[in-house]
C-alpha cells in the first residue's frame, strides 16, 4: 500500500494508484463513518490482452461502490481522445471525444460548430490525440497517437443554444487510422436492444481533464463514476426555468456536483455490461455546475451508422469520392466525361468550366444528376427531343427548365427554375432542386401542417420551413413523454427535426363522467362507466340460442381482453370455439340485450390460453387467457384499457386494497343485474396457506389471495374479471378472479398477472393489430 497515495475531499476518500506495471493487482478497503467504499483494480496482460482489441475492452476492470473521481491510468479508458484546435500559435484542448472506429471519433457538435455562421468549423483547424493523459498538446505522452481531422459531420438539426443544444452530436473523420493497441482501442455502441436492457443505470463513467477534485481542475486525465438521472428525475430536481429548456427529448442527466470544464464536452458517458464498455451518452454543452446533460446516442443509432458508412467510403477511396459514394480515379475528375453516376466529378463546383480531351474550352455545360428523378426541358423547344436527362451536355446559351422529381421542388416557390448555359457555367447558378420533407402520418397521432400561416396537407411532401403541430388522439398518450414537444419543423435538409411520437392508449383512468348513479356479493353499486376497462364475456348456449354472461374480463389493448382460462373451456378442458363468444364493453347492465349508449359489442377471433393450463388436474394453475377481438374497440370515456405493470414495480403491498367489479352472485344468491364493485385486501400467498391450509393445493405458484370483508367478495359469475390496484390514481390489473372456497365467503384466489408477464407480453406482441 506504500506505492499508493490518498487524498480526502468531503466525505469521499480517493485512491490514486501508481502507473500500471506489466502485472498489477491492488485492492484497497476503507471505511468511513458514513459509508464503506471498496475499490478493485485488475489488469489483463501480454498475449491475453493483445487478442482483445475489440471494442469496449479496458486494460483494467475498474469497480467502485461509490460515486467519485480518481486519476485515470494508462489504458483504463483507451477510447478517450482529446480534441485540439489551432489557436494561431499552437493547439489548445477544447473538448473530448471517443474512438468508435479506426478513423472515426464521436463527440459533441458544440465542440466543432460555428455558432454565428451556423455551420461546422473547418476540419483543418482540428487535431485529436488518443492514449494521452496530459492535458497539454505540447507535453508528449509515451503511448499517444495524434491525427489530423479530415471531415466534420454535425447532425443537420443542430443549431446550438438556439435549440437548447438538441441533436448535439458530431462525427470526426480522421486523416489516417489509429494503430490499436492496449492503450488505444474503440468503445462499443449498443446496436442491439437486448444488450441495452441489461444496463444498470445507477451510475455511469466519464473521463476528462476538467472534472473537479478538491475544488481544483486537473492537468492529468481523470475518470469519474457519476450518478445517473433520467429526464423525469432531472426535471423534478432542477425546476428552474433556466435549466428546464435544456433537459429535452434526447438528453439524460449526470450529477457533477463538484463541477466540470467546458472542455469536458464531447466525452463519452460509459456504461459497463458484463465487463464490456458501451458509450451511452455524449457530454453536452456546459449549462450548470451541479449537473451535466448528455446526449442519449440511442436516439441517433441510425444516423451514426449512415454517417460512419460515408466516412468509411471516404477513407477507402484513394481517388475522388463522388457525392453518391462512388470512388473513381483522381485523373478522371474534370476531364469532360462524367465518370460519377451523379456527375459530381464534372460539376462546375469541382471544375469550373468544362474542357474537352485536348484541354480546350468547349463552352458547354453538363446537366447535374439530382435525387428524385430530375429531368430538364429545353425552353421554347418545338421538336420531339425537348427532354434532357442528367449528365447530358448542353450547348452554349441553351435555356432549360428544371423539372424536379418526387420529393423535390424548385427553390423558387410558385414557378419552376430556369437556367442558361453561359461559357461552360450555369447562370444564375447550378440547377438545383431542394429536398422536401416527406409526408407524415402515424397511428393515433393528429397532425396539422402550416406553411407561411396557411394550413397545408401533411400527407403531401412539404417545403422546408413548414411547421408541424401534433398531438395524440383523445384517449391516447405519448409512450415517451420527453419525445413529445407538440411541434416540429421541416429543415432545409428536407428532414423533420423530430419524429412523431408513438401514442398508446390511456390506461387505468377512472371515468370522470360517472356521475350517473345507476346501479359481487355485499358490494356496492358501481357508478355507470366508472371502470371503463371491465367487459362482459358472453357465451352462446344452443338450448335457447342466446348469449349468457359467463365471466368478466379486462381490456388491456384496443383489441385484447384479459380473462380466466376456465371461462373458455368445456367440461373436457378443451378450448371452446371462438365463434361462440362475444364481448361487450361499456356495459352496466348484465343482460346483453339491454343495449346501452356506450356499449360496444364484438365477436372473438382467437382464444389464447397457456399450453400448460390443465384445469382441475393442475389445480387451476395458469388460469389466465386473452381474447383477440374480432373488431378493435373505439376508446372513449366508457371504454378504456387498464394498465399492466410491465416493469414489475409492485403496485400492492400487504393489506393493500384492490378493486373487483362484476355481475356475480348477490347476498340473495342471484346474479346482479347491474355492475357492482368491492374493495378487498391483498394477502401474501404464504399467509394464505397458513390461514386456509385445507385450500393449499389450489393456492398454486401463480396465485395470490384476497380476504372477504364481512362476507363480501368475488362470487360465481365474477370469474375472469380483473382486480386492480392503484398507483398515483392509475389502475393496474394485477389479478384475474379464478377460484373461491365453495359456499363460504372467506377468501378468493386470483391468478397473479405479474407471474405471466413473459407469456402476456408475447401474446400482446403477436395478436395486437395496431403497432403501439
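In this note's numbering, the protein residues as written are 14 to 785. Quick reminder that beta carbons are idealized off the backbone N, C-alpha and C, glycines included. Being a predicted model, the structure only gives us computed values, none of them experimental.
Buried or exposed, going by whether 16 or more other CB atoms sit within 10 Å of the CB of residue i?
{"i": "residue 260", "result": "buried"}
{"i": "residue 171", "result": "buried"}
{"i": "residue 779", "result": "exposed"}
{"i": "residue 48", "result": "Unreliable placement is indicated for residue 48, whose pLDDT of 29 sits below 50; the coordinate value is still reported in the next sentence. When all chains shown are included, residue 48 counts as exposed."}
{"i": "residue 103", "result": "exposed"}
{"i": "residue 592", "result": "exposed"}
{"i": "residue 429", "result": "exposed"}
{"i": "residue 426", "result": "exposed"}
{"i": "residue 179", "result": "buried"}
{"i": "residue 215", "result": "exposed"}
{"i": "residue 174", "result": "exposed"}
{"i": "residue 663", "result": "exposed"}
{"i": "residue 422", "result": "buried"}
{"i": "residue 309", "result": "buried"}
{"i": "residue 608", "result": "exposed"}
{"i": "residue 603", "result": "buried"}
{"i": "residue 89", "result": "buried"}
{"i": "residue 279", "result": "buried"}
{"i": "residue 392", "result": "exposed"}
Would you mind stating whether residue i and residue j have Cβ atoms separated by less than 8 angstroms?
{"i": "residue 457", "j": "residue 489", "result": "yes"}
{"i": "residue 156", "j": "residue 298", "result": "no"}
{"i": "residue 595", "j": "residue 551", "result": "yes"}
{"i": "residue 474", "j": "residue 450", "result": "yes"}
{"i": "residue 566", "j": "residue 671", "result": "no"}
{"i": "residue 485", "j": "residue 520", "result": "no"}
{"i": "residue 512", "j": "residue 481", "result": "no"}
{"i": "residue 107", "j": "residue 98", "result": "yes"}
{"i": "residue 633", "j": "residue 767", "result": "no"}
{"i": "residue 645", "j": "residue 782", "result": "yes"}
{"i": "residue 788", "j": "residue 114", "result": "The chain is shown only over 14 to 785; residue 788 falls outside these bounds and no answer can be derived."}
{"i": "residue 296", "j": "residue 277", "result": "yes"}
{"i": "residue 653", "j": "residue 546", "result": "yes"}
{"i": "residue 648", "j": "residue 518", "result": "yes"}
{"i": "residue 717", "j": "residue 765", "result": "yes"}
{"i": "residue 542", "j": "residue 650", "result": "yes"}
{"i": "residue 568", "j": "residue 656", "result": "no"}
{"i": "residue 94", "j": "residue 142", "result": "yes"}
{"i": "residue 674", "j": "residue 694", "result": "no"}
{"i": "residue 283", "j": "residue 242", "result": "no"}
{"i": "residue 643", "j": "residue 615", "result": "yes"}
{"i": "residue 548", "j": "residue 574", "result": "yes"}
{"i": "residue 387", "j": "residue 417", "result": "yes"}
{"i": "residue 432", "j": "residue 444", "result": "yes"}
{"i": "residue 68", "j": "residue 201", "result": "yes"}
Please check the pair residue i and residue j, which I expect to be a contact at CB under 8 angstroms, by giving their CB distance rounded to whole angstroms.
{"i": "residue 506", "j": "residue 465", "result": "Actually they do not touch by this definition, with Cβ atoms about 19 angstroms apart."}
{"i": "residue 395", "j": "residue 413", "result": "The Cβ separation is near 15 angstroms, so there is no contact."}
{"i": "residue 234", "j": "residue 217", "result": "At roughly 17 angstroms, the Cβ-Cβ gap does not stay under 8 angstroms, so residue 234 and residue 217 are not in contact."}
{"i": "residue 638", "j": "residue 696", "result": "At roughly 24 angstroms, the Cβ-Cβ gap does not stay under 8 angstroms, so residue 638 and residue 696 are not in contact."}
{"i": "residue 125", "j": "residue 109", "result": "Rounded, the Cβ-Cβ distance is 12 angstroms, inconsistent with contact."}
{"i": "residue 770", "j": "residue 721", "result": "That pair is no contact at about 28 angstroms."}
{"i": "residue 636", "j": "residue 626", "result": "7 angstroms"}
{"i": "residue 120", "j": "residue 219", "result": "About 13 angstroms; that fails the 8 angstroms criterion."}
{"i": "residue 311", "j": "residue 245", "result": "About 16 angstroms; that fails the 8 angstroms criterion."}
{"i": "residue 162", "j": "residue 176", "result": "Their Cβ separation, rounded to whole angstroms, is 24 angstroms, which puts residue 162 and residue 176 out of contact at 8 angstroms."}
{"i": "residue 598", "j": "residue 605", "result": "That pair is no contact at about 12 angstroms."}
{"i": "residue 165", "j": "residue 187", "result": "Rounded, the Cβ-Cβ distance is 11 angstroms, inconsistent with contact."}
{"i": "residue 453", "j": "residue 460", "result": "6 angstroms"}
Are three or more beta carbon pairs between the region 290-308 and the region 320-327 nearer than 8 angstroms? no
Assess contact between the region 558-565 and the region 705-723, defined as three or more Cβ pairs (one per stretch) separated by less than 8 angstroms. Is contact present? Contact check between the region 558-565 and the region 705-723: fewer than three CB pairs, one atom from each, fall below 8 angstroms, which does not count as touching.
Report the start-end ranges of each beta strand (DSSP E) in the region 543-599 that is 3 residues or longer and not cut off at the edges. 547-554, 559-570, 573-576 and 594-598
For the region 183-203 and the region 341-357, state whether three or more C-beta atom pairs, one from each stretch, are separated by less than 8 angstroms. no
Between the region 146-154 and the region 121-138, do at least 3 Cβ pairs fall closer than 8 angstroms? no
Where in the region 397-485 do unbroken runs of the alpha helix (DSSP H), each at least 4 residues long, occur, reported from the N-terminal end onward? none
So within the region 132-214, which uninterrupted beta strand (DSSP E) runs reach at least 3 residues, ignoring any that extend past its ends? 139-143, 158-167 and 183-187
Within the region 610-659, ranges of the beta strand (DSSP E) (whole runs, at least 3 residues): Runs found: 613-621 and 638-642.
Ranges of the beta strand (DSSP E) found wholly within the region 296-324, counting only runs of at least 3: As far as the region 296-324 is concerned, its whole beta strand (DSSP E) runs of at least 3 residues are 304-309.
Along the chain, which unbroken stretches of the alpha helix (DSSP H) at least 4 residues long are found entirely within the region 250-289? 254-257
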